[in-house]
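Numbering (the working numbering), first residue to last: 22 to 496.
Using N, Cα and C, we set each Cβ at its ideal position, and we do this for glycine too.
Have a look at the structure below before the remarks.
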């Protein structure tokens, strides 16, 4: 049995043993530690710590749970000169991420009937569920190469958003290095899912800014207590999934050529400097840019729905982009005066005030980091601090599951689900279609967020409460 040793408040050590090249550190509150039953996730952290060129420590966030190769809520840094890149270390849904929009609309102006009308207008425009195609099919047919190589920048040039949106997207909406030549024809064929939400834990959340913890920073971020907020959580859809599938297979087959003994297929990897490693990075960047474009197009459609239902223009409604963060990605960054490749899987970047990679708008505050809860619980906006240096400026990306999808469907009754959802509206008429996303399937978001804020790695800025949630059916 793998045992964790407490080394500080909310901080536990998985010491280097056997083939591990570095220690692993997991951030858990006392309650999360008592309830922790993620032996498989710890085994995955241990496996990641054996990979060539791994640097510092391998990290598990408070929302950690088992995933494909690297656990969800996992952070792994590898040295550029002799380290590896892992498709499974990024995950199937490349650049799954979340963006937050603020509004000028008092949430108490919306009764249930009006909120339902608004949700219907959004869903009329944005396909939800597994395998759905896009209503923006013309973009796939005519501009797909440019979109995956230039991301949200291309869409803004075409009029699908505001110029100022780009400053409020991680990497300004385009990760350099994308080359569609590195992407398989099969992956490209799945690019028709641009501007779709997908299923599983993806959502569009209409909520209210319920609490403000830092008035000054909340004002900078455009968040005002009592106003309506919009969160969009989705990624690269089938396009990114196919890229991960393709390159995991390639890495499994070629790792032995580089003398790499893989501890698990999900951690298949190759040297960063290898031909296969360079090709994966180019393809991954395409997936990243697809996801930025996906969320940008969904934002365009959401803004259109708001204008129609409210019969007001943007100046009155607000609908300003607060920030867009990725949480499945690998990026070249400098930490501790070393050039590293940071794999974040189910982990969010959170830069402190003054960090040169912050957008100008947020240079003095640090950029907002958005942490969604479940469909029936709160979400948070936080900022990172200098203490986040120890996590490679990474934090948790959500609440983290405590029940698998299958277990949730078996164990949670209709009464329990409806009680947890209370008066929150959701778009699916049959509760069984989203039972695996019930609030009970997730950890306590307050406990998870407080784990890092209590030790100064993050500062809480605002708390958002859901009013209506749009989800797609399917895993």
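So is residue i buried or exposed if we call it buried at 16+ other beta carbons inside 10 Å?
i: residue 236; result: exposed
i: residue 443; result: exposed
i: residue 38; result: exposed
i: residue 360; result: exposed
i: residue 55; result: exposed
i: residue 355; result: exposed
i: residue 263; result: buried
i: residue 158; result: exposed
i: residue 114; result: buried
By how many angstroms is the C-alpha of residue j removed from the C-alpha of residue i?
i: residue 372; j: residue 392; result: 14 Å
i: residue 451; j: residue 274; result: 43 Å
i: residue 539; j: residue 368; result: Nothing in the structure corresponds to residue 539, since the chain is present only between 22 and 496.
i: residue 210; j: residue 161; result: 10 Å
i: residue 468; j: residue 299; result: 39 Å
i: residue 130; j: residue 228; result: 13 Å
i: residue 102; j: residue 400; result: 39 Å
i: residue 398; j: residue 277; result: 46 Å
i: residue 540; j: residue 435; result: No information on residue 540 is available, as it lies outside the stretch 22 to 496 that the chain covers here.
i: residue 362; j: residue 301; result: 13 Å
i: residue 413; j: residue 164; result: 35 Å
i: residue 324; j: residue 437; result: 34 Å
i: residue 224; j: residue 218; result: 7 Å
i: residue 184; j: residue 260; result: 26 Å
i: residue 192; j: residue 449; result: 34 Å
Please identify the residue among the options whose C-alpha is closest to the C-alpha of residue i.
i: residue 186; options: 231, 318, 255, 202; result: 318
i: residue 28; options: 38, 39, 44, 40; result: 44
i: residue 472; options: 35, 42, 49; result: 49
i: residue 386; options: 484, 408, 323, 242; result: 242
i: residue 344; options: 492, 313, 411; result: 313
i: residue 33; options: 420, 182, 63; result: 63
i: residue 440; options: 189, 396, 470; result: 396
i: residue 150; options: 258, 72, 179; result: 258
i: residue 169; options: 188, 266, 194, 494; result: 194
i: residue 406; options: 388, 71, 420; result: 388
i: residue 378; options: 84, 188, 174; result: 188
Any idea what DSSP makes of residue i, helix, strand or coil?
i: residue 231; result: strand
i: residue 165; result: helix
i: residue 354; result: strand
i: residue 75; result: strand
i: residue 331; result: helix
i: residue 508; result: For residue 508 there is no data in the structure shown, the boundaries of the chain being 22 and 496.
i: residue 422; result: strand
i: residue 69; result: helix
i: residue 82; result: strand
i: residue 349; result: strand
i: residue 409; result: helix
i: residue 390; result: strand
i: residue 316; result: helix
i: residue 289; result: coil
i: residue 472; result: helix
Looking at the C-beta of residue i, does it have a partner C-beta in chain C at a distance below 8 Å?
i: residue 121; result: In the structure shown, chain C cannot be found, because there is only a single protein chain.
- Task: Say whether the stretch 264-280 touches the stretch 90-109, bearing in mind that this needs 3 or more beta-carbon pairs closer than 8 Å, one atom from each stretch.
- Result: yes
- Task: Pair every Cβ in the stretch 111-130 with every Cβ in the stretch 243-262, then say whether three or more of these pairs are closer than 8 Å.
- Result: Judged by pairs of C-beta atoms under 8 Å, the stretch 111-130 touches the stretch 243-262, as three or more such pairs exist.
- Query: With a cut-off of 8 Å, do at least 3 Cβ pairs link the stretch 486-496 to the stretch 140-151?
  - Reply: yes
- Pairing CB atoms from the stretch 299-308 with CB atoms from the stretch 191-208, are three or more of them under 8 Å? yes
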